[in-house]
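Student:
Number of protein chains: 4
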Amino acid sequence: MVFLFMSIKVGILGATGYTGVRLFSILLKHPEVRIRWITSEKYAGKEITEPLPCFKNISNIVCSSVRDLERLEKVDLVFSCLPDGISMKFVNKLYETGIKLIDLSPDLRFSDPEIYRQTFGIKHRYPELLVKSVYGLSEINRKKIRQSVLVSNPGCYSTSVLLPLIPLLRRKDLFDKKFVIDIKASVSGAGRAPRPQFHFPEININTTAENISGHTQKFEIQNIIRETSGEIYESIFTTHMMPLNRGILATVYLKLSDSGIKADEIFGILKNCFAREQFIRIIYPDRLPALNDVCGSNYLDIGFELQDNFLIIVSALDNLIKGASGQAVQNMNIMFGFPENSGLENVPYYV
Amino acid sequence: MVFLFMSIKVGILGATGYTGVRLFSILLKHPEVRIRWITSEKYAGKEITEPLPCFKNISNIVCSSVRDLERLEKVDLVFSCLPDGISMKFVNKLYETGIKLIDLSPDLRFSDPEIYRQTFGIKHRYPELLVKSVYGLSEINRKKIRQSVLVSNPGCYSTSVLLPLIPLLRRKDLFDKKFVIDIKASVSGAGRAPRPQFHFPEININTTAENISGHTQKFEIQNIIRETSGEIYESIFTTHMMPLNRGILATVYLKLSDSGIKADEIFGILKNCFAREQFIRIIYPDRLPALNDVCGSNYLDIGFELQDNFLIIVSALDNLIKGASGQAVQNMNIMFGFPENSGLENVPYYV
Amino acid sequence: MVFLFMSIKVGILGATGYTGVRLFSILLKHPEVRIRWITSEKYAGKEITEPLPCFKNISNIVCSSVRDLERLEKVDLVFSCLPDGISMKFVNKLYETGIKLIDLSPDLRFSDPEIYRQTFGIKHRYPELLVKSVYGLSEINRKKIRQSVLVSNPGCYSTSVLLPLIPLLRRKDLFDKKFVIDIKASVSGAGRAPRPQFHFPEININTTAENISGHTQKFEIQNIIRETSGEIYESIFTTHMMPLNRGILATVYLKLSDSGIKADEIFGILKNCFAREQFIRIIYPDRLPALNDVCGSNYLDIGFELQDNFLIIVSALDNLIKGASGQAVQNMNIMFGFPENSGLENVPYYV
Amino acid sequence: MVFLFMSIKVGILGATGYTGVRLFSILLKHPEVRIRWITSEKYAGKEITEPLPCFKNISNIVCSSVRDLERLEKVDLVFSCLPDGISMKFVNKLYETGIKLIDLSPDLRFSDPEIYRQTFGIKHRYPELLVKSVYGLSEINRKKIRQSVLVSNPGCYSTSVLLPLIPLLRRKDLFDKKFVIDIKASVSGAGRAPRPQFHFPEININTTAENISGHTQKFEIQNIIRETSGEIYESIFTTHMMPLNRGILATVYLKLSDSGIKADEIFGILKNCFAREQFIRIIYPDRLPALNDVCGSNYLDIGFELQDNFLIIVSALDNLIKGASGQAVQNMNIMFGFPENSGLENVPYYV
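Residue numbers (my numbering), protein chains in the order written: chain A, 77 to 427; chain B, 77 to 427; chain C, 77 to 427; chain D, 77 to 427.
(1) Do the CB positions of VAL390 (chain C) and ILE312 (chain C) come within less than 7 angstroms of each other?
(2) Taking contact to mean 3 or more Cβ pairs, one atom from each stretch, closer than 8 angstroms, check whether the segment 243 to 260 of chain B and the segment 343 to 359 of chain B are in contact.
(3) Distance cutoff 7 angstroms, beta carbons only. Does MET318 (chain B) sit that close to anything in chain C?
(4) With a threshold of 7 angstroms between beta carbons, is GLU421 (chain A) in contact with chain B?
(5) Which ranges would you report for the alpha helix (DSSP H) in the segment 204 to 251 of chain B if only whole runs of at least 4 residues count?
(6) Can you say whether ASP258 (chain B) is buried or exposed, counting buried as having 16 or more other CB atoms within 10 angstroms of its CB?
(7) Determine the DSSP secondary structure at PHE414 (chain C), reduced to helix, strand or coil.
(8) Output, in chain order, the set of chain D residues within a Cβ distance shorter than 8 angstroms of PRO270 (chain B).
(9) Along the chain, where does the alpha helix (DSSP H) containing GLY87 (chain D) start, and where does it finish?
(10) In three-state DSSP terms, what is GLY40 (chain A)?
(11) Specify whether the segment 386 to 404 of chain D and the segment 220 to 230 of chain D touch according to this definition: at least 3 beta carbon pairs, one from each stretch, less than 8 angstroms apart.
(12) Applying the criterion that 16 or more other CB atoms from any shown protein chain within 10 Å of the CB defines a buried residue, is PRO433 (chain A) buried or exposed?
(13) Would you say ILE359 (chain A) lies against chain D (beta-carbon separation less than 7 angstroms)?
(14) In angstroms, rounded to a whole number, what distance separates the CA positions of MET411 (chain C) and ARG363 (chain C)?
(15) If contacts are defined as beta-carbon pairs under 8 angstroms, then SER156 (chain C) and LEU128 (chain C) qualify, I think. What distance do you get, rounded to the angstrom?
(16) Going straight from the alpha carbon of MET164 (chain B) to that of SER101 (chain A), what length do you get?
(17) Let me make sure I understand the geometry here. Which of B:ARG112, B:GLY399, B:PRO415, B:ASN422 has the alpha-carbon closest to that of GLY265 (chain B)?
(18) Can you tell me whether LEU393 (chain A) is helix, strand or coil according to DSSP?
(19) Express the C-alpha separation of GLY379 (chain C) and ARG143 (chain D) in angstroms, rounding to a whole number.
(20) Using DSSP bridges, identify the partner residues of TYR425 (chain D).
(21) Helix or strand or just coil, what does DSSP make of ILE124 (chain A)?
(22) With DSSP collapsed to three states, give me the class of GLU310 (chain D).
(23) Between the Cα of VAL138 (chain A) and the Cα atoms of A:GLY90, A:LEU184, A:GLU108, which residue gives the shortest distance?
(24) Does the segment 115 to 131 of chain A come within contact of the segment 352 to 371 of chain B, defined as at least 3 CB pairs closer than 8 angstroms?
(25) Verify the CB distance criterion: does LEU367 (chain B) have a CB-CB separation below 7 angstroms to chain C?
(26) Please compile the residues from chain A whose C-beta is within a distance smaller than 7 angstroms of the C-beta of ASP258 (chain D).
(27) Is the Cβ of VAL370 (chain A) closer than 7 angstroms to any Cβ of chain C?
(28) Closer than 7 angstroms, CB to CB, is ILE279 (chain C) near chain A or not?
(29) So THR195 (chain B) contacts chain C; which residues on that side make the cut at Cβ distance below 7 angstroms?
(30) Between the C-alpha atoms of LEU332 (chain B) and ILE301 (chain C), what's the straight-line distance to the nearest angstrom?
(31) Are the Cβ atoms of GLY419 (chain A) and HIS106 (chain A) separated by less than 7 angstroms?
(32) Give a yes or no on whether the C-beta atoms belonging to SER181 (chain D) and LEU158 (chain D) are separated by under 7 angstroms.
(33) If contact means a Cβ-Cβ distance below 8 angstroms, which residues of the segment 105 to 132 of chain A contact chain B?
(34) With 16 other CB atoms within 10 Å as the buried threshold, where does ARG352 (chain B) fall?
(35) Would you give the residue range spanned by the beta strand (DSSP E) that ASP369 (chain D) belongs to?
(36) For the pair the segment 209 to 227 of chain C and the segment 190 to 198 of chain C, tell me if three or more CB-CB distances fall below 8 angstroms.
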């Protein structure tokens, strides 16, 4: 039942990139939200339908510029889909006005300024934001998110890997302290700006390895695992670009310790942890996650298998939804006390 | 505002093909509908998640068999997504019980049994159904649909071509009486059953011409144009299969008569006809329809251009939504007095 | 049998675009050719493997700049894959030195400077080149090509349409004088430079109509038909961009005149015309051309069907081979008296 | 220089599957080979162009049935592309006649019948064939292949993994004895027969994990590593199916032992091993292998990077060429003393 008086006003910084468009699309149909403004530097002053004709008859909102941030209507919540390095600047400015914020950039994903510095190679300009922000892994940090005014939305790869790992690694000593993460990624994750390697003919019948010497989300994952398990795990992390618009399939390889844990116990741990979670589905046994089953939705599917003395976890999500904008809306729902699946009930599009 | 007491009970015959799955997905989230049963001969007795794991946590409905039709719960409306030839049999059986029906098969798309016979080469077994059914082209036949108990849902190609043509051909003598329809189709339109020519490697980097000696929807189009314009137009009709899951792009070539109609007048006719239609968007000037702008939604986009003395119309829709299940739900909304966009507010998925 | 002393020396202007790369690949394996230099403005001074690592272990030729044209080794033949407007300038410079030339740009495809001006909207700067160049439609102009020193390679769309049409339209009065050409094109035809609309996620699950108010190749086609048939035919011409790397599928709609020609006669005309042509295959009856059957090869497949009183022709080719570089090599083979299929024996890659 | 008198006569068992078609295509253009017969149970008695119209004007060979094996012309070499379990039966029959053989099935890839039994779960019916066959990893086993009459062609995954690993693992104690293999595979590897999960719409925008509890090629790899390194290594092995027609990208994760080997030393080992190999390319530094650079050719590209104390190797090949038919032809060239790249000079098709 919709109580209109409960609805909140939101703004979106950077609404015309792939993450911003998806966020805008979800919020447009969210029963408790009214989008008051969106920004786009490239299309400031123009209707959203100019860069995105798919919104014709749906919205004719006009894009603003972040340079006019002070003159924009006061809202209850701002989402930032600005690029890394730039996002923090505007988040900081808005934070000081007391507004609630969800930052989808990687700028605030480390609570410790020193780890940020080690990961990005530069000193953080707003270290106090790091301390104050809550890491928005919805199912894990729900309580903190509920009370927070500044949420840092997790990375897409991190979300796909952390959700299955956290409950398992909270159990002490099940696995060796070093594991391998092999990500299969899709091109929307690289953003909307054309690049030679993602010109259609270059990637359409192609697949490449990327980031095989590491990635900032490797450290995001390690950091959150340390915080949630209380122990230090290290990961080897790679990504591979596939000819796909949407979706991440993550394969994680964990060597069993002498614990000799069985598949049924793994299943039990995952099931217990996520039994009441609508958006986390444990696919076991007989099947494995597939992008078709999650893309278009906020679901994360988790499957696994033991092979020799390794646990192999496979997880799948839509990088633009559960890996970014869907999870951001889920965090908003938590922050404002809306039903957690509000606006997120889309069924996977499957084909 | 949702009045729960208004909700209706529906059943779906043939719910596990591509059209049935899409219909099921839309109805699951429709605020005024409760799905009471679905049938699937292949998966009778099994949960929907068995063939379609994407529905895990969303629905665990168990598929019934059409053979048990008599024992299924009485509902307010039945959709038939059964194959042609088979659908009519069950529609007839249900029709006699007084239930409302929407048939997505091509079985009832001709009101004249003789034209059916000419088109399909066989005599119709239930000619009285032809007479009683209403052709469910929502925007054109809204009044008849509202009063009908049996709607025959239009073909996907027909929908893409008829909607732009009907307002133009209602004007007398603007065009020659023969025009060309060149369809670019996608593989979901060929159904969910594997076939050698649609095995992934065979079509992934391929495109083929099909149906170049004609297609039953050619006659469906001609027939409806005759009924709506009062004149006889003939079409040359072809389809081409592209490596796409979803979407139809139709290009129609009409030779101008001596009328010498101008582009602005074309625009005026289309705009007037569809000004109050949410789902029909006239894309003009400066742009042309594209599948990305409609797929995932119930929109039909129409663009056009004059070249020499020809009018070229381009239209785009999602074959499983506006071309099938979305229009079926739109027809249901009309039949039952629900808001016409109820359950159909999905934004195009764009990328 | 290979006579090494017969081999010729060639240069390629603009070798790192899609057409240039394909030409370079074919010539590398051509038994009678030694590539002495290639130019690339972007990669001048660098090995070909820098922009194109696929050539590692195959060629380490260093790219030159066209600005150094005078200092490059004297060769027997130069191919120009430079962009339109630029190509003519360098072709003119080389033509004056007496070297043989094949121009793959659209700069010299009209023998009449006035028709060039009407088509491109500007006066041609080297009208004498137009007069002297031979239109390199290999199977049709073989005799002229053999004696020429300057060949203008046909457009990809033109090749796909002209080859089936010329023998049919040489017969007087079989068809109306106006016909429709509906092209299904692939992204490599738009070149190697990234563009927003061909960024992978924008076109991967998309199809768009383009050029529906016309295209310069429409006039190229009309012009050659006039020259070969002695009559004036007009065409309506559109292209549609599909999510494909390679290939053109052309559908042509011709209205039969009162001649009432039969399918078997059509087949006879095509078969007679191309009976001794290795690269032209008439696909009739029972099948239709498909990109899978031609891509990767120099074949052009032609199929057709009568529908009502229209002839529908479908043709398929690889836009980078028979539609560009393959036909250029075929023309070279003709000019130098090599076996016409020399270097062009690649089997379609099929999957 | 082509000496026609040197040409050999060959036959292909099972020529109309994806591997067989590719082998047939390569051999058709091989200067030293005349294909005397091919078999296909499904198309016995029919021309190859019936199932494969791409061969029109190229070959009109008529398919035979294996049941007529005794009546087929005596040839110098037979390739078997028959399915596993069936291939061995016909290989055995031919072996007894003294003919040379290359078996592309997995039937003879283990020299030890006991390891075969452990891997496939059944006793081998022709254990003497196992003993007599040579494992056809061309660059590694060249000497044995040259003297052999029966070559067992390696698996596609095995080829992609073994070639980079063998030189590294021959060095003792560089790495831990357990490593992870994560394969990105393409649909042609699953064969030409339609299957529900490879129906176009099911896999086109999808990616799935497969074989995560293991695969017979895991044991093939371990077995050959044991034979070439003299030590026992174990692997964790998974495959992932991508929406691609062709290509394998393999990522291998090896934990460094205390050896502390440096990237330059890795490079040195690989370079030394493959310095004189045309088909093996070490991509290092600055780049990584990509399918576009190898598909359509017999090349295998190897790249690598150190991340923490892991060596990550990435290799890429065309599963139908270097991973199957190309390597089979390379083995034939070795067996018969032809230039090793004869018939295999195709440049990668790149786009």
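Just so you know, even glycine gets a beta-carbon here, dropped at the ideal spot from N, CA and C.
Note that the structure is predicted; figures quoted are calculated from it, not measured.
Tutor: In short:
(1) no
(2) yes
(3) yes
(4) yes
(5) 214 to 223, 232 to 246
(6) buried
(7) coil
(8) PRO270, ARG271, PRO272, PHE274, HIS275
(9) No alpha helix (DSSP H) contains GLY87 (chain D), which is instead part of the beta strand (DSSP E) from 84 to 89.
(10) The requested residue 40 (chain A) does not occur in the structure, where chain A is confined to residues 77 to 427.
(11) yes
(12) Because chain A in this structure spans residues 77 to 427, residue 433 (chain A) falls outside the shown range and cannot be described.
(13) no
(14) 35 angstroms
(15) About 19 angstroms separates the two Cβ atoms, so there is no contact after all.
(16) 39 angstroms
(17) B:GLY399
(18) strand
(19) 36 angstroms
(20) DSSP, once it has assigned bridges, lists no residue as partnering TYR425 (chain D).
(21) coil
(22) strand
(23) A:GLY90
(24) yes
(25) yes
(26) ASP258, THR327
(27) no
(28) yes
(29) Within 7 angstroms Cβ-Cβ: nothing; THR195 (chain B) doesn't reach chain C, min ~14 angstroms.
(30) 24 angstroms
(31) yes
(32) yes
(33) LYS105, LEU128, PRO129, CYS130, PHE131, LYS132
(34) exposed
(35) ASP369 (chain D) -> no beta strand (DSSP E), and no H or E assigned at all.
(36) no
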